[in-house]
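Right, one structure below, let's go through it.
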Amino acid sequence: MKTIGNIHHLKLTTVTPVSIGGDQGSLLSPYSDYVVSTNGASLHYIHPDKLEQAVAEKELLDEYVTYIQTGFDNNRSKFDLRQFITGRMKMNLETITRFSVANHGILHEQRIEVKPIVKSAGRAFLPGSSVKGAMRTAMLYDWLVKSKEGEQAMKQYFSNLRHWEKMEDEIQELKNQRGDYSARERMKDLKRKITSIERELFNEDKLFGTLRDDAGQDSRRIRISDSGFASAWEAHCLRRIRLLPMRAQAQPGSDIPILMEALPVGQQFRLDMMIEPPLSHPPLAYLESKETSAILKNLNNFTLDSLAYESYELGEANNRDNEEDIERLKDFYDILQARAESGEVFLRLGFGKTIYDNSLALALYNGGEEQESLEAFKRLRKLVWEKRLFEDDIYPMTRTITSDGMPLGWVKVSAV
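If you want our numbering, it's the 1-based position in the sequence shown plus 1.
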């Protein structure tokens, strides 16, 4: 790969299905927008104009509207769009289908809305903003755990955690003085301070300062183009599995399948990363002079640590109800980790990421002296888990997988 000035030409290849959400106003309804093929292998997208015209011509509009209203009001509606088209209207399904995509696990009887991926003029692509976000996290992580400046930031990180823990202990003591006005006010003050620390711990801008210089330019000086269009996309029925046995009652709706569009495995996309110097912020300034291969090496540091941590979590999993799925994930990550150790770079995009893919919480695990990092990491999990804040985001006890047990969102990043 050659660098032309400050333009880096990159290729992203999907390793697992990738789902980056699009306009939620365009959710696909099972009562008007799609049907599952008879053999279950395809999802047929219904042409709305042709459906509307056919319903009107056969004078079934009132009946159809009633069915749709019933479906929207009751997810258990027995309305069957495929049967309505082929049985009630006696039409060939192909005459009213816009196009079809491969279906992975969506069942005819589920009747759940399908979440779309981002598209432009009906064509799927990888948005540069999503790629930039993942790369920024990887670059900042590398700076945090590998540089002298990052070491100082980590010391503040650890200090904040210790302060948080002390404030939690004080709150527990003050709870015995609830009738005392000054104790109540002190508790309120401590909780405000804890909230502030939480925001700093999980917000890249708060931890490092904004990535913009005084003129507000740094973040704008790194641009990643949108990719070209995908040749196809597919539809998936996703499910959540728990890594550990239930400690409390599941959240309402946690077992409801998630239906989503996704880019299939093996799709290749080309994007350009454009860097306009000067960059003032330390974690990013090195980008001005490095070759593409050096930038990818920095990204690989995050890849290796991210995969190692995921393997660690799966190794700690002991939910017998999901044992087969967990073992399948272990095998997948063993293979991906071996590839990363040989120099390949992987990042995670879109739906299915955990906090360790999407922020710098992983730095606690790797960014200090071994024992200090491990203890700080355990303290963080304990503080957040016991408060039950953002259960599946901050301390991800679950994983979202496809119907055949694959994780989502992994792409390989390479030079063109």
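We put the beta carbon where it would ideally sit given N, CA and C, even for glycine.
In terms of Cβ geometry, Phe270 and Ser121 do not form a close pair [threshold 9 Å]. In this model, Phe352 and Leu61 are separated by some 39 Å (Cα to Cα). Secondary structure note for Ile225: its beta strand (DSSP E) is the uninterrupted segment Ile223 to Ile225. Between Asn302 and Val146, the CB-CB gap stays under 9 Å. In the three-state reduction of the DSSP assignment, Thr399 falls in the strand class.
DSSP places Lys298 inside the alpha helix (DSSP H), whose first and last residues are Thr293 to Glu317. If you look at His282, you'll find it isn't in any alpha helix (DSSP H); DSSP assigns it neither H nor E.
Under the three-state reduction of DSSP output, Trp144 falls in the helix class.
Here Glu262 really is in contact with Lys116; their C-beta atoms are around 7 Å apart, less than 8 Å.
The segment 403-410 makes no contact with the segment 285-293, as fewer than three CB pairs between them are under 8 Å.
Between Arg83 and Leu94 the beta-carbon gap is near 7 Å, inside 8 Å, which marks them as a contact. Here DSSP, grouped into helix, strand and coil, assigns Ala233 to coil. In this structure, the alpha-carbon of Arg200 lies about 19 Å from that of Met188. Taking C-alpha positions only, Arg380 is separated from Lys167 by approximately 11 Å. Sixteen is the threshold: since fewer than 16 other Cβ atoms of the shown chains lie within 10 Å of the Cβ of Glu171, the residue is exposed. In this model, Tyr35 and Glu53 are separated by some 14 Å (Cα to Cα). Counting along the chain, no alpha helix (DSSP H) covers His45; the unbroken beta strand (DSSP E) around it starts and ends at Ser43 to Ile47.
With a cut-off of 8 Å on Cβ pairs, the segment 98-106 is in contact with the segment 30-47, counting three or more such pairs. CA-CA distance, Ala184 to Gln178, rounds to 6 Å. Following the DSSP letters along the chain, one finds Tyr32 in no beta strand (DSSP E), marked with neither H nor E.
Secondary structure at His10: strand, using DSSP grouped into helix, strand and coil. When DSSP states are grouped into helix, strand and coil, His109 belongs to the coil group.
Around the C-beta of Val417, fewer than 16 other C-beta atoms lie within 10 Å, and the residue is accordingly described as exposed. Linking Leu350 to Val56 through their CA atoms gives a straight-line distance of about 41 Å. Apart from the 5 residues on each side of it in sequence, Leu308 sits with its Cβ closer than 8 Å to the Cβ of Tyr334, Leu337, Gln338, Ala341 and Phe347 in its chain, given in chain order.
For the pair Glu314 and Thr399, the Cα-to-Cα distance works out to about 11 Å. Assignment of beta-bridge partners to Trp411 by DSSP yields Arg349.
With a cutoff of 9 Å on beta-carbon distance, Met275 and Arg224 are scored as near each other. Secondary structure note for Glu262: its beta strand (DSSP E) is the uninterrupted segment Ile259 to Ala263. For Leu363, there is no enclosing alpha helix (DSSP H), as DSSP marks it with neither H nor E.
Distance from the Cα of Leu260 is smallest, within the candidate group Ser27, Gly106, Val16 and Ala377, for Gly106. Listed in chain order, the non-local C-beta contacts of Thr96 below 6 Å within the same chain number zero, local neighbours out to five positions each way being set aside.
For Glu345, the CB contacts under 7 Å within the same chain, skipping 5 residues up- and downstream, are Lys413 in chain order. Residue state for Val16 is assigned as coil, using DSSP reduced to three classes. Counted as a single uninterrupted DSSP element, the alpha helix (DSSP H) harbouring Asp326 occupies residues Glu324 to Glu342. Within the DSSP secondary-structure output, Ile118 pairs in a beta bridge with Gly22.
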